[in-house]
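The structure appears right after this line, and notes come after that.
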């Protein structure tokens, strides 16, 4: 499930989430950052191998977990999709 996560540090991330007993397991993690036009997504910890595997976050470090809005979810899916999809336009 794609979820928006606010960490106790104040960071906001979006990731694929699997609930566990004492925390969550996350994969395909992106950091949500402010931009001139609103918000954007960037690699979380790009200097590590976190993007190649899953990572466990204890509940103690999580402020809350919620659903992302549709636009953010679509942007996330485009970035992390293994498939290349065409633009959604009508072919005439």
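Numbering (the working numbering), first residue to last: 3 to 94.
Cβ coordinates follow ideal geometry from the N, Cα and C atoms, glycine included.
Query, Result
"Pick from 60, 30 and 73 that is closest to residue 15, judged by C-alpha positions", "30"
"Residue 16 in three-state terms, based on DSSP", "strand"
"Rounded Cβ spacing between residue 57 and residue 28 (contact assumed at less than 8 Å)", "5 Å"
"Rounded distance between the beta-carbons of residue 64 and residue 7, thought under 8 Å", "6 Å"
"Closest residue to residue 22 among 80, 33 and 62 (Cα-Cα distance)", "62"
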